Structures are given as C-alpha cells and as structure tokens.
Amino acid sequence: MLEELNMFTVVVEQSSMNKASAALNLSQPALSRKIAKLEQELGTLLFRRIGKRLELTRIGQLTYDYAVEARQQHLRFLKLLAEYKDTGRSTFTIGASLTTLQTSLPDLIQALTAHSPELDIKAITGKTHEIVTLVRDRKADLGIVASRIEDSHLNCVPLFDDHLVLVLPRNHFIMEKTAPVITNLNGMPMILFSKGTWYRILTDELFERYRLLPDVRMEIDSFEAILRLLHTCRAATLLPKSYLRPQMLTDNDLLVVPIRELEQSKRTTSLIYDHSDSLSPAVKHWIEEIASQYKPV
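Residues in the sequence shown are numbered from 1 upward in steps of one, following UniProt numbering.
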C-alpha cells in the first residue's frame, strides 16, 4: 500500500492525473489502476471527479494527511538507516554535571546500553552552567544536570527529586544520641565535596541557614573517595541520597542517619535538550528512552 499512497500524494499535489503520471514517469491508465486499487483496499472513494478536475473527499483528505506523514516517517527512517550504515553504530553525546556524573549517569548508561548494545555514548562533564552551554551550542545532544533549568533555547524535563543525607561511620559518636538533629553538625569533623557544584552550594546554604560551623577536614571531588576516608578521618559527610547504594554502605561500614531538615534540601535532576524541531529522530528517541527510565512504577 505504501507505493499506492505515495502515488496518491503526487496526484493530490499535482491536482491532475495527467501531470502526476508525467511526474511519476508512469502511463495515466497505469496510475489510474493504482489509485483504483488503493480505493478498493480502503473501501471508499478518495476523489470526486468534477469534469477534468479532481476534488478530495473527506476520507481522501484524511488519507492524504496520513500519506504525507507516512512518507516523512519513511524518509526519516531511510536517513537513520544511512547513518547507521555509515558508522555501523548509533552514537550520541551526553553532557553531565559533576554531581550527576557520579550519581545518575552510571546507572543510566548501563540501562541504555543493556537495552541497545549497539549504542555508543560519549560523555562530556563539567559544572551545570557549562553543560547548559554545551547543549545550547549543540556540542552535546542532551544534558543531565542536578537542577531545573530556565532557558528559552532549551527544554527541561524533570527526572527525579533528590536531597542530602548524613553519612557517617557505624561507630560515630553521634550514634549515641537518641534522635540526632541538624544542630549536631555544628563542629562535627566532615569531609565535603569540592566547591563549585550544586551539591556543595546546597551544603553551604544549609550550613548558613542553620548557622552551622562544621570542622571541614577535607574537600574532595569524588564521592567514592569521601566514603572510603570517613572511617580513617573519623568524620561524617553529606551526600545526595541518589548516590548511595546499600552495598556501598555495607562495604565501607557506614550508616545513613535521617535528619528532618536535610529532607528539605531538595533538588531536581533534569534532562535538558535543544528544542525538538532541531533534533534528529535518533536523539528524540533516546530522550524518550531516558525519560522512561525515571517514570514512577
């Protein structure tokens, strides 16, 4: 039917069987048979023939709209197929802020490559404002950032909410308290993430809000290194809840201590990308795939 639909669109656009047959390099009787076959398959007339003029029926108009969409979809498919044949694989670039690089990106890449083993993913990292610039300048197909982005050039899709949690060694002195509170962080030895990321900004805002002065022993740009050093330095830390895994806590003999005020330190991890009209079908597909990874079950 695809062939007949294509011929049908040419007839409509040429407004003449004679002109359409010339454009298709097909005899007019042969073209008429193709259109008659399409009408037979659909079980309805597509044209009203008024003298030499052809006028679309209501079903004819609906069929034309569908045929144009099908033709465009077919062309997009052929383009993707050609790209795939050229490279042998499908490739796109993700920009990830430093926090999402360590929290969200590993699980996301694992899920995407498990679904599509042929997919090649390139990652560019940086601070949130740097990732926004990369996506806006189309040096990255999309970005994952730990923030909501307001930018007239970009679409922002919230993926999930996150907040800080207190992590400390199992034998930490604070565990002697029946109900730890936010003020217990005052003067506490801590290892914090390096300055400049949303996570550290959020941490510093929290300290300022509650007038806390922790004893900052180290500033490191690796969550994993922070966890490994907590026992050695007899210190605590504040980390995004999305980063922590039960096995990770067990391996490092650590605990997460719930403190009500920390749950208010909420941030939203978002997917950002250029306005969809300028995106290739392949990138649109992977945007949908990424968003689907975070839909509530």
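Ideal Cβ placement from N, Cα and C applies to all residues, glycine included. Quick caveat, the model's predicted, so the values are computed rather than measured.
- What's the C-alpha gap between Met-17 and Lys-52? Position 17 of the sequence shown, counted from the first residue, corresponds to residue 17. Position 52 of the sequence shown, counted from the first residue, corresponds to residue 52. For Met-17 and Lys-52, the distance between alpha carbons rounds to 9 Å.
- Have a look at the DSSP bridge pairing and note the partners of Asp-120. In the sequence shown, counting from the first residue as 1, residue 120 sits at position 120. According to DSSP, which records beta bridges pairwise, Asp-120 is partnered with Thr-91.
- Message: Within the continuous alpha helix (DSSP H) that includes Glu-4, where are the two ends?
- Response: The residue given as residue 4 occupies position 4 in the sequence shown. Note, Glu-4: alpha helix (DSSP H), 2–14.
- Query: Which residues in the same chain have their Cβ closer than 8 Å to the Cβ of His-115, if we skip the five residues on either side of it in sequence?
  - Reply: Along the sequence shown, one-based indexing puts residue 115 at 115. Correct list, in chain order: Glu-289.
- Option in Phe-193, Tyr-64 and Leu-24 with minimal Cα separation from Ala-225: As a position in the sequence shown, residue 225 is number 225, starting the count at 1. Closest by alpha carbon: Phe-193.
- Query: Should Met-1 be labelled buried (16 or more other beta-carbon atoms within 10 Å of its own) or exposed?
  - Reply: Position 1 of the sequence shown, counted from the first residue, corresponds to residue 1. Flag for Met-1 reads exposed.
- Task: List in chain order: all unbroken beta strand (DSSP E) runs of 3+ residues lying wholly within the segment 201–237.
- Result: 215–220
- Message: Quick check on Pro-29: buried or exposed, where buried means 16 or more other Cβ atoms within 10 Å of its Cβ?
- Response: Working through the sequence shown from its first residue, we reach residue 29 at position 29. Exposed is the call here.
- Query: How many Å lie between Lys-34 and Glu-4 at the Cα?
  - Reply: Within the sequence shown, residue 34 is the residue found at index 34, counting from 1. Within the sequence shown, residue 4 is the residue found at index 4, counting from 1. Taking the straight line joining both Cα atoms gives about 6 Å.
- Between the C-alpha atoms of Lys-282 and Val-256, what's the straight-line distance to the nearest angstrom? Looking up residue 282 in the sequence shown gives position 282. Looking up residue 256 in the sequence shown gives position 256. A small correction: the amino acid at residue 282 is Ala; Lys does not occupy that position in the sequence shown. C-alpha separation (whole angstroms): 40 Å.
- Message: Applying the 10 Å Cβ sphere with the 16-neighbour rule, what's the burial state of Glu-39?
- Response: In the sequence shown, the residue the question calls residue 39 occupies position 39. It counts as buried.
- Message: What would DSSP say about Gly-60, mapped onto helix, strand or coil?
- Response: The residue labelled residue 60 in the question sits at position 60 within the sequence shown. The answer is helix: DSSP assigns Gly-60 an H, G or I state.
- Rounded to a whole number of angstroms, what is the C-alpha to C-alpha distance between Val-11 and Lys-19? Position 11 of the sequence shown holds residue 11. Position 19 of the sequence shown holds residue 19. Each residue's Cα considered, the two are about 8 Å apart.
- Hey, out of Pro-189, Leu-142, Arg-217 and Glu-208, whose CA is closest to Lys-122's CA? The residue you call residue 122 lines up with position 122 of the sequence shown. It is Leu-142 whose Cα lies nearest to the Cα of Lys-122.
- Task: Leaving out five residues on either side along the sequence, give the residues of the same chain with a beta carbon under 8 Å from the beta carbon of Gln-14.
- Result: Within the sequence shown, numbered from 1, the residue matching residue 14 stands at position 14. Counting only Cβ-Cβ distances below 8 Å, and skipping sequence neighbours, we find Ala-20 and Ala-23.
- Message: Excluding the 5 residues flanking Glu-263 on each side, which residues of the same chain have their C-beta closer than 8 Å to its C-beta?
- Response: For the purposes of this step, residue 263 is identified with residue 263 of the sequence shown, where counting begins at 1. Same-chain partners within the cutoff: His-163.
- Can you tell which of Val-216, Ile-124, Ser-222 and Ala-67 has the C-alpha that lies nearest to the C-alpha of Lys-139? Taking the first residue of the sequence shown as 1, we reach residue 139 at position 139. Selected option, being the one with the closest Cα: Ile-124.
- Message: If we require 3 or more residues per run, which beta strand (DSSP E) segments fall completely within the segment 122–203?
- Response: 142–145, 154–169 and 189–193
- Query: Between Asn-252 and Leu-279, is the Cβ-Cβ spacing less than 8 Å?
  - Reply: The residue you call residue 252 lines up with position 252 of the sequence shown. The residue you call residue 279 lines up with position 279 of the sequence shown. No, these two residues do not count as a Cβ contact at 8 Å.
- Answer yes or no: do Phe-47 and Gly-60 have a C-beta to C-beta separation smaller than 8 Å? For this step, residue 47 is matched to residue 47 along the sequence shown. For this step, residue 60 is matched to residue 60 along the sequence shown. Cβ atoms of Phe-47 and Gly-60: closer than 8 Å.
- Item | Contacts around Tyr-66, its chain only, beta-carbon distance under 8 Å, and the 5 residues preceding and following it disregarded | Here residue 66 refers to the residue found at position 66 of the sequence shown. The answer, listed in chain order, is Leu-5.
- Item | Option nearest His-129 by Cα separation, candidates Ser-104, Ala-96 and Tyr-64 | As a working mapping, residue 129 is identified with position 129 in the sequence shown. Cα-wise, what sits closest to His-129 is Ala-96.
- Straight-line gap, Pro-169 to Pro-189 (C-alpha atoms, nearest Å): Here residue 169 is taken as the residue at index 169 of the sequence shown, counted from 1. Here residue 189 is taken as the residue at index 189 of the sequence shown, counted from 1. Going by the C-alpha atoms only, they are around 12 Å apart.
- Item | Alpha-carbon to alpha-carbon, Asp-161 and Lys-266 | In the sequence shown, residue 266 corresponds to position 266, counting from 1. In the sequence shown, residue 161 corresponds to position 161, counting from 1. The alpha-carbon atoms of Lys-266 and Asp-161 are separated by roughly 7 Å.
- Rounded straight-line distance, which links the Cα of Arg-245 to that of Leu-108: The count along the sequence shown starts at 1 and reaches residue 108 at position 108. The count along the sequence shown starts at 1 and reaches residue 245 at position 245. When rounded, the distance between both Cα atoms is 15 Å.
- Query: Taking buried to mean at least 16 other C-beta atoms within 10 Å of its own C-beta, is residue 318 buried or exposed?
  - Reply: Outside the displayed span of the chain (1 to 297) sits residue 318, for which this structure offers no information.
- Message: By the three-class DSSP mapping on this structure, what secondary structure does Asp-274 have?
- Response: Start at 1 with the first residue of the sequence shown, and residue 274 comes out as number 274. Correct three-state label for Asp-274: strand.
- Opposite His-239 in the DSSP bridges: which residues? Here residue 239 is taken as the residue at index 239 of the sequence shown, counted from 1. Strictly speaking, residue 239 in this sequence is Leu, with His absent from that position. Answer is Val-165.
- Query: Just reading off the beta strand (DSSP E) that Arg-260 is part of, what are its end residues?
  - Reply: Counting from one through the sequence shown, the residue named residue 260 turns up at place 260. Where Arg-260 is concerned, there is no enclosing beta strand (DSSP E), given that its DSSP letter is neither H nor E.
- Who are the Cβ neighbours of Ser-242 in its own chain at under 8 Å, not counting the five residues just before and after it? The residue labelled residue 242 in the question sits at position 242 within the sequence shown. Closer than 8 Å at Cβ, skipping near neighbours: Thr-103, Ser-104, Phe-160, Asp-162 and Thr-269.
- In terms of residue numbering, what span does the beta strand (DSSP E) encompassing Arg-48 cover? Counted from its first residue, the sequence shown places residue 48 at position 48. Residues 47–50.
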